[in-house]
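Peer 1: Quick one: structure below, then a few questions.
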Amino acid sequence: MSIKLRELIRSIRACKTAAEERAVVARECALIRTAFKEDDNQFRHRNVAKLLFIHMMGYPTHFGQMECLKLIASSKFPEKRVGYLGLTQLLDENTEVLMLVTNSIKNDMSNDNQYVNGLALCALGNIGSNEMCRALAREVENMMASPNPYIRKKAALCAMRIVRKVDEIEDKFNSKIGNLLEDRNHGVLLAGCSLLTALLEVNPSYMKEFRRYVPSLVRALRNMVTSGYTNAAEYDIAGITDPFLQAKILRLLRLFGERSADATDEMNDILAQVATNTEGTKNTGNAILYECVLTIMSIEAESGLRVLGINILGRFLLSRDNNIRYVALATLQRVVNVDQQVMQRHRNTIIDCLKDADISIRKRALDVTYSLVDEANIKSMTKELLNYLLVAEPDFKEELCSKICMAVEKFSPNRRWQIDTLIKVMCLGGNFVKEQQREKFCRVVAATPELHSYTVIKLYFNMKESLSQEALVHVGVWCLGEFGDHLVSGKAVGPDSQPIHVTPGDVLDLLYDVVRKPPTGEKAPATHCLVTAALIKLVTRCPSEFEKIRKLLRRFDCSLHVDLQQRSCEFLELLGSDWDSHRAGILDRMPVPEKEIGGAETRVVGDASIDEVPTNTSKGKPGKSDLLDLNDLLDAPREQQAPANQAPPPSSGGDLLDLLDAAPAANPPAPQATPEGFLDIFSGTPAASQEAPPMVAFEKNGLKVTFFPRKEADGSVTVLARFANTLSVPMTNFVFEAAVPKYVTLSIQPATGQVLPPQTDLVTQTMSCVNSTNGEKGLLMKLRIGYVCNGAPVQEMGQVGGFPPGF
Amino acid sequence: MINFILLISRQGKTRLKKWFVPCPERDQFRTIKEVSSLILNRSPKVCNFLEWRDYKLCYKRYASLFFIACIEQNDNELLALEMVHHFVECLDRYFGNVCELDLIFNFHKAYYILDEILISGELQESSKRAVLHHISEQDAMMQENEQAKRKG
Numbered sequence: 001m002s003i004k005l006r007e008l009i010r011s012i013r014a015c016k017t018a019a020e021e022r023a024v025v026a027r028e029c030a031l032i033r034t035a036f037k038e039d040d041n042q043f044r045h046r047n048v049a050k051l052l053f054i055h056m057m058g059y060p061t062h063f064g065q066m067e068c069l070k071l072i073a074s075s076k077f078p079e080k081r082v083g084y085l086g087l088t089q090l091l092d093e094n095t096e097v098l099m100l101v102t103n104s105i106k107n108d109m110s111n112d113n114q115y116v117n118g119l120a121l122c123a124l125g126n127i128g129s130n131e132m133c134r135a136l137a138r139e140v141e142n143m144m145a146s147p148n149p150y151i152r153k154k155a156a157l158c159a160m161r162i163v164r165k166v167d168e169i170e171d172k173f174n175s176k177i178g179n180l181l182e183d184r185n186h187g188v189l190l191a192g193c194s195l196l197t198a199l200l201e202v203n204p205s206y207m208k209e210f211r212r213y214v215p216s217l218v219r220a221l222r223n224m225v226t227s228g229y230t231n232a233a234e235y236d237i238a239g240i241t242d243p244f245l246q247a248k249i250l251r252l253l254r255l256f257g258e259r260s261a262d263a264t265d266e267m268n269d270i271l272a273q274v275a276t277n278t279e280g281t282k283n284t285g286n287a288i289l290y291e292c293v294l295t296i297m298s299i300e301a302e303s304g305l306r307v308l309g310i311n312i313l314g315r316f317l318l319s320r321d322n323n324i325r326y327v328a329l330a331t332l333q334r335v336v337n338v339d340q341q342v343m344q345r346h347r348n349t350i351i352d353c354l355k356d357a358d359i360s361i362r363k364r365a366l367d368v369t370y371s372l373v374d375e376a377n378i379k380s381m382t383k384e385l386l387n388y389l390l391v392a393e394p395d396f397k398e399e400l401c402s403k404i405c406m407a408v409e410k411f412s413p414n415r416r417w418q419i420d421t422l423i424k425v426m427c428l429g430g431n432f433v434k435e436q437q438r439e440k441f442c443r444v445v446a447a448t449p450e451l452h453s454y455t456v457i458k459l460y461f462n463m464k465e466s467l468s469q470e471a472l473v474h475v476g477v478w479c480l481g482e483f484g485d486h487l488v489s490g491k492a493v494g495p496d497s498q499p500i501h502v503t504p505g506d507v508l509d510l511l512y513d514v515v516r517k518p519p520t521g522e523k524a525p526a527t528h529c530l531v532t533a534a535l536i537k538l539v540t541r542c543p544s545e546f547e548k549i550r551k552l553l554r555r556f557d558c559s560l561h562v563d564l565q566q567r568s569c570e571f572l573e574l575l576g577s578d579w580d581s582h583r584a585g586i587l588d589r590m591p592v593p594e595k596e597i598g599g600a601e602t603r604v605v606g607d608a609s610i611d612e613v614p615t616n617t618s619k620g621k622p623g624k625s626d627l628l629d630l631n632d633l634l635d636a637p638r639e640q641q642a643p644a645n646q647a648p649p650p651s652s653g654g655d656l657l658d659l660l661d662a663a664p665a666a667n668p669p670a671p672q673a674t675p676e677g678f679l680d681i682f683s684g685t686p687a688a689s690q691e692a693p694p695m696v697a698f699e700k701n702g703l704k705v706t707f708f709p710r711k712e713a714d715g716s717v718t719v720l721a722r723f724a725n726t727l728s729v730p731m732t733n734f735v736f737e738a739a740v741p742k743y744v745t746l747s748i749q750p751a752t753g754q755v756l757p758p759q760t761d762l763v764t765q766t767m768s769c770v771n772s773t774n775g776e777k778g779l780l781m782k783l784r785i786g787y788v789c790n791g792a793p794v795q796e797m798g799q800v801g802g803f804p805p806g807f
Numbered sequence: 001m002i003n004f005i006l007l008i009s010r011q012g013k014t015r016l017k018k019w020f021v022p023c024p025e026r027d028q029f030r031t032i033k034e035v036s037s038l039i040l041n042r043s044p045k046v047c048n049f050l051e052w053r054d055y056k057l058c059y060k061r062y063a064s065l066f067f068i069a070c071i072e073q074n075d076n077e078l079l080a081l082e083m084v085h086h087f088v089e090c091l092d093r094y095f096g097n098v099c100e101l102d103l104i105f106n107f108h109k110a111y112y113i114l115d116e117i118l119i120s121g122e123l124q125e126s127s128k129r130a131v132l133h134h135i136s137e138q139d140a141m142m143q144e145n146e147q148a149k150r151k152g
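Printed below as a string of structure tokens:
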């Protein structure tokens, strides 16, 4: 015997334990299943209703799917209604049996009763699959012209679903839009706007065709905001007529007004009216103001209107209501590119939001803050972000660290500040700084010889303070190894003019501490690898500690970590007297990759002293023995002075150490190479530059490279290389590299593309060179060009002289 | 557009769930679990929006029930709250001072009302009067049928 839905719910609610509940449900499900199997017609809809309740509680109910289909096919309204409800709850558009219902829906669409039509349309609109949409599109189209608004609005929303689901028939309903937008019924109007929005989103090229409806939309909106509107009472919410329709129209106007000055002209007035007349004391009014501001900021609005929008935004931002502040920040994020000035004006408010108690607001504020950073405010903004890093929850820290690092890399005024800031980031959030960022830090340091001494001292003292931040320890250990000689030289002078005394013994003690207490237990082997590399490097930098180093290295020669063990064994071998004559060469400082030389020189170094007092850093003296000559630069980037058959590689494993593995010349120029830096900083005012005639630098196999050299006022030379492909097939993976003699500094920016389309010369690449002989020795370049043509890689070399005299 | 609507009691029980985008049953329940624990743990003082995956959850508490709407990145959060309120007012007028128990025992009716308000995640009717009118006419059709059955 079947119990009523109400009774079932009551008995489930009476259960005291989960087990009891499961038992009741299982029993009832068994009964329902039996009833289904016996094809019981009388109670089928009641059983499906019960099943729906059970389904909502999370129990499996798939066996009810077919019953829904049977109910829908019934002629009785109560059964149909439950059937359709079951259909939309128990099935979704990917359920296979759904296709079986298409015919029932089709029948119900032509039923005499509007509510039966309504049920069918609602089902199609909510779960209609691609096939169903396709099969029923014609019926939907007819129903959109029904005299009954109840049918029209539902049909229009079904049309919207069809447009979203089926590509080929998206234009089927275009002719109906006009009538929908002129409809007096708000439901139909709403549905019409939704349909039009979907159409425009699916295919923006319809913009032109539908542009003519802007006046209708404006009129509908004006009617609603004018007092004395006939339907006002029916649609009133908190004193505002149909906020839903208003917002929908505002959103549509936004689509039309974007990048169209004409369309914008038609809506300026009404937007101003909405922005001034809508009362912003309640959520309803604010919802409309929010939509309106978004529209104003997106279209080509006149300045007066824009000010109006900005003022509303400012008011939102200062609101005490968290919801309003949230949407204000969300809006700022979206208009950041439109109006940087507004953003900057609200900077302090935004930064305050970083300290809000609400995570939603903090998150929004943080996103806005990132986009606020520029050259002018990098220092103050970084300070704020570092403050925030101190208190942020762990979830935020990783992103925060990498965002700060990126901003610093992009906008830092000089190297010294950049290094200082990055060290701070690592001191505060060192466990969240990614490998990649640590590596970048090391490159920056390596490429700035003036600051070697400064950096290593600073890192040393920071590490003495705390060894808890992994990134700090890792880069610190690396720097101690590379530049330990600066630390123990005693030449560095502190702020009080006292020389800084660090003995080789102190350095080793510190490394010993790192070995004993690595910052993160699970990554100890990585830390130890770095320490061993630092130790071996210190052999030449602190010869007095030879024995201590050997002893420390011994700790690892039985390590269970294979890499670490191998490394320490190799290093111990290197300490043997056989290697006495070669050791210094092997353990020399790591050469800086070519691309970094370019990148580093483009930014001023900044003060290299340790807080005010200058140190003895004679430029060029330390580091990198001789720069490799022209040919080596391209051909043998990795080979060092080490003799052939060298058993232990001077540095293996460990990402930080393998800076070199990114073979300098074999990579396309680093994308982060700063574009203008060098020139701007030194020249200041743009002075007349001297243009030389274009010259063909390279021509072979259908590839032609033309140089357009230009001598800048400050003496540097900018060369624009234009790559022409005269073949009828594209060249892909195109990489262009250049090397210059020692007396020239070169920085290359990324090419504008990696593919040269056939018969074009669209791709260019800019290089800037500084000739330190002031043109006494002519500019020379060696080229290496690589690309793939017809699937075959091509590698070419070339040499370019013949620059005009004085270049 | 609204991706899904949920009604969750303070104890974390689902009172209504409606998806407008295809979502397998298993994922639905997983989502319900995740979303309700996120929202039930939020302090009442913070804002009514929560970023979740690529979407935004807009929720509001009415008595013992949380009404949650999941909308897309570019949708108007304030308007979503307004839609939720629209739904709540329709329920309130239909049941006459609606309470959680009404929605438990008449959960199907809550769905019927929702179906008159939203289709495919978009609002179809902004007049409460119209919604209630259509619902009551359909309820009348149900009764006629029941009576006919009893007589027959």
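Quick mapping for you: the protein sequence lines, in order, are chains A and B.
Residues in the first sequence are numbered from 1 upward in steps of one, following the UniProt record's numbering.
Residues in the second sequence are numbered from 1 upward in steps of one, following the UniProt record's numbering.
Where a beta carbon is used, it is the ideal one built from N, C-alpha and C, also for glycine.
Which residue's Cα is closest to the Cα of M483 of chain A: A:A233, A:L535, A:T726?
Peer 2: For the purposes of this step, residue 483 of chain A is identified with residue 483 of the first sequence, where counting begins at 1. According to the sequence provided, residue 483 of chain A is Phe. The question's Met does not apply to it. Minimum Cα distance to F483 of chain A is reached at A:L535.
Peer 1: Between which two residues does the beta strand (DSSP E) harbouring L7 of chain B extend?
Peer 2: Within the second sequence, the letter at position 7 stands for residue 7 of chain B. Its beta strand (DSSP E) spans residues 2-9.
Peer 1: Alpha carbon to alpha carbon, how far is Y370 of chain A from M381 of chain A? Give it in angstroms, no decimals.
Peer 2: One-based indexing of the first sequence puts residue 381 of chain A at position 381. One-based indexing of the first sequence puts residue 370 of chain A at position 370. Cα to Cα, M381 of chain A sits roughly 9 Å from Y370 of chain A.
Peer 1: So, with DSSP's three-state summary, where would you put V456 of chain A?
Peer 2: Mapped onto the first sequence, residue 456 of chain A falls at position 456. DSSP places V456 of chain A in helix when its eight states are reduced to three.
Peer 1: Spatial neighbours of S64 of chain B within its chain, please: CB distance less than 7 Å, with the 5 preceding and 5 following residues excluded, ordered by chain position.
Peer 2: On the second sequence, residue 64 of chain B is found 64 positions in, with the first residue counted as 1. S9, R10, E100, listed in sequence order.
Peer 1: Going by C-alpha distance, which of A:C442, A:Q273, A:R161, A:S303 is nearest L221 of chain A?
Peer 2: Looking up residue 221 of chain A in the first sequence gives position 221. That would be A:Q273, whose Cα lies nearest to the Cα of L221 of chain A.
Peer 1: Would you please state the rounded distance, in angstroms, between the beta carbons of D698 of chain A and I586 of chain A? I believe it to be under 8 Å.
Peer 2: As a position in the first sequence, residue 698 of chain A is number 698, starting the count at 1. As a position in the first sequence, residue 586 of chain A is number 586, starting the count at 1. Reading off the sequence, residue 698 of chain A comes out as Phe, not Asp. In fact, because the Cβ distance is near 38 Å, the residues do not count as touching under 8 Å.
Peer 1: With DSSP as the reference, identify every bridge partner of P593 of chain A, one or two as the case may be.
Peer 2: One-based indexing of the first sequence puts residue 593 of chain A at position 593. DSSP output for P593 of chain A lists no bridge partner at all.
Peer 1: Excluding the 5 residues flanking A247 of chain A on each side, which residues of the same chain have their C-beta closer than 8 Å to its C-beta?
Peer 2: Residue numbering aside, residue 247 of chain A sits at position 247 when the first sequence is read from its first letter. Counting only Cβ-Cβ distances below 8 Å, and skipping sequence neighbours, we find A287, I288, E291.
Peer 1: Would you mind reading off the limits of the beta strand (DSSP E) that contains A69 of chain B?
Peer 2: Reading the second sequence from its first residue, position 69 is the one you call residue 69 of chain B. 65-72 is the extent of the beta strand (DSSP E) around A69 of chain B.
Peer 1: Identify, in the order they occur along the chain, each residue of the same chain with its Cβ nearer than 8 Å to the Cβ of L389 of chain A, setting aside the five sequence neighbours on each side.
Peer 2: Indexing the first sequence from 1 puts residue 389 of chain A at position 389. Taken in chain order, the residues that qualify are K397, L400, C401, I404, V425, L428, G429.
Peer 1: Tell me which residue opens and which closes the alpha helix (DSSP H) that V520 of chain A is part of.
Peer 2: Numbered from 1 along the first sequence, position 520 holds the residue referred to as residue 520 of chain A. Residue identity check: residue 520 of chain A is Thr in the sequence provided, not Val. Note, T520 of chain A: premise wrong, no alpha helix (DSSP H); not H, not E.
Peer 1: Does A130 of chain B get closer than 8 Å to chain A when you measure Cβ to Cβ?
Peer 2: In the second sequence, the residue the question calls residue 130 of chain B occupies position 130. Taking Cβ atoms only, chain A reaches closer than 8 Å to A130 of chain B, which makes this a yes.
Peer 1: How many angstroms separate the CA atom of W417 of chain A from the CA atom of V604 of chain A?
Peer 2: Counting from one through the first sequence, the residue named residue 417 of chain A turns up at place 417. Counting from one through the first sequence, the residue named residue 604 of chain A turns up at place 604. About 10 Å.
Peer 1: When the distance is taken between beta carbons, is I119 of chain B closer than 8 Å to K154 of chain A?
Peer 2: Locating residue 154 of chain A in the first sequence gives position 154, where the first residue counts as 1. Locating residue 119 of chain B in the second sequence gives position 119, where the first residue counts as 1. Going by C-beta atoms, K154 of chain A is nearer than 8 Å to I119 of chain B.
Peer 1: Answer with yes or no whether the minimum CB distance from F173 of chain A to chain B is below 8 Å.
Peer 2: Position 173 of the first sequence holds residue 173 of chain A. It does not; no Cβ of chain B falls within 8 Å.
Peer 1: With a cut-off of 8 Å, does the C-beta of C99 of chain B fall near any C-beta of chain A?
Peer 2: Counting from one through the second sequence, the residue named residue 99 of chain B turns up at place 99. Chain A, which has no Cβ nearer than 8 Å to the Cβ of C99 of chain B, makes this no.
Peer 1: Between which two residues does the beta strand (DSSP E) harbouring D733 of chain A extend?
Peer 2: The residue labelled residue 733 of chain A in the question sits at position 733 within the first sequence. Note on identity: in this sequence residue 733 of chain A is Asn, with Asp being the wrong assignment. Its beta strand (DSSP E) spans residues 731-739.
Peer 1: Are the beta-carbon atoms of P741 of chain A and L783 of chain A separated by less than 8 Å?
Peer 2: Taking the first residue of the first sequence as 1, we reach residue 741 of chain A at position 741. Taking the first residue of the first sequence as 1, we reach residue 783 of chain A at position 783. It is not a contact, given that the beta carbons lie outside the stated cut-off.
Peer 1: Do you know how far the Cα of N771 of chain A is from the Cα of G715 of chain A?
Peer 2: In the first sequence, residue 715 of chain A corresponds to position 715, counting from 1. In the first sequence, residue 771 of chain A corresponds to position 771, counting from 1. For G715 of chain A and N771 of chain A, the distance between alpha carbons rounds to 8 Å.
Peer 1: Near L746 of chain A, which residues of its chain fall below 7 Å by C-beta distance, leaving aside the five closest residues on each side in sequence?
Peer 2: In the first sequence, the residue the question calls residue 746 of chain A occupies position 746. Contacts found: G598, A738, V740, M767, C769.
Peer 1: Going by CA-CA distance only, name the one from A:T540, A:C542, A:I361, A:V515 that's closest to C529 of chain A.
Peer 2: Reading the first sequence from its first residue, position 529 is the one you call residue 529 of chain A. The option with the nearest alpha carbon to C529 of chain A is A:V515.
Peer 1: Would you check if the region 121-128 of chain B and the region 79-95 of chain B touch, i.e. whether three or more CB-CB distances between them fall below 8 Å?
Peer 2: Counting Cβ pairs under 8 Å, three or more are found: they touch.
Peer 1: Specify the secondary structure class of Q799 of chain A as computed by DSSP and reduced to three states.
Peer 2: Position 799 of the first sequence, counting from 1, holds the residue named residue 799 of chain A. Here Q799 of chain A sits in strand by DSSP.
Peer 1: What are the residues in the region 109-131 of chain B lying within 9 Å of chain A by C-beta distance?
Peer 2: Answer set for the region 109-131 of chain B: Y111, Y112, D115, E116, L118, I119, S120, G121, E122, L123, Q124, E125, S126, S127, K128, R129, A130.
Peer 1: Under 7 Å Cβ-Cβ, which residues of chain A neighbour F105 of chain B?
Peer 2: Start at 1 with the first residue of the second sequence, and residue 105 of chain B comes out as number 105. Result: R6, I9.
Peer 1: Looking at the structure shown, is residue 809 of chain A part of a helix, part of a strand, or coil, going by DSSP?
Peer 2: There is simply no residue 809 of chain A to check, as chain A begins at 1 and stops at 807 in what is shown.
Peer 1: Tell me, please, whether the CB atom of V88 of chain B is closer than 8 Å to any CB atom in chain A?
Peer 2: Start at 1 with the first residue of the second sequence, and residue 88 of chain B comes out as number 88. Chain A contact via Cβ: absent.
Peer 1: Could you tell me which chain C residues have their CB closer than 7 Å to the CB of A191 of chain A, listed as they occur along the chain?
Peer 2: Considering every chain present, this structure includes no chain C. Its protein chains are A and B.
Peer 1: What are the residues in the region 360-388 of chain A lying within 9 Å of chain B by C-beta distance?
Peer 2: Per Cβ criterion, the list reads S360, I361, K363, R364.
Peer 1: Rounding to the nearest angstrom, what Cα-Cα distance links T760 of chain A and V705 of chain A in this structure?
Peer 2: The residue given as residue 760 of chain A occupies position 760 in the first sequence. The residue given as residue 705 of chain A occupies position 705 in the first sequence. Taking the straight line from one Cα to the other gives about 12 Å.
Peer 1: Got a sec? Which residues, its chain only, sit under 8 Å from L189 of chain A by beta carbon, not counting five neighbours each side?
Peer 2: Within the first sequence, the letter at position 189 stands for residue 189 of chain A. Closer than 8 Å at the Cβ level, and outside the excluded window around L189 of chain A, lie L180, L181, D183, A220, L245.
Peer 1: Where do the ends of the alpha helix (DSSP H) carrying N286 of chain A lie?
Peer 2: Counted from its first residue, the first sequence places residue 286 of chain A at position 286. Looking at the DSSP string, the run of the alpha helix (DSSP H) that includes N286 of chain A is 283-298.
Peer 1: With a 10 Å radius around its C-beta and 16 neighbouring C-beta atoms as the bar for buried, classify residue 808 of chain A as buried or exposed.
Peer 2: Any property of residue 808 of chain A remains undetermined from this structure, which presents chain A solely from 1 to 807.
Peer 1: Should A26 of chain A be labelled buried (16 or more other beta-carbon atoms within 10 Å of its own) or exposed?
Peer 2: Against the first sequence, residue 26 of chain A aligns to sequence position 26. By the 10 Å Cβ count, A26 of chain A comes out exposed.
Peer 1: Go through its chain and collect everything with a Cβ distance to P649 of chain A's Cβ below 6 Å, but skip five positions before and after it.
Peer 2: Against the first sequence, residue 649 of chain A aligns to sequence position 649. Only weak support is given to the placement of P649 of chain A: the predicted model assigns it a pLDDT of 39, under 50, and the question is left unresolved by the model.
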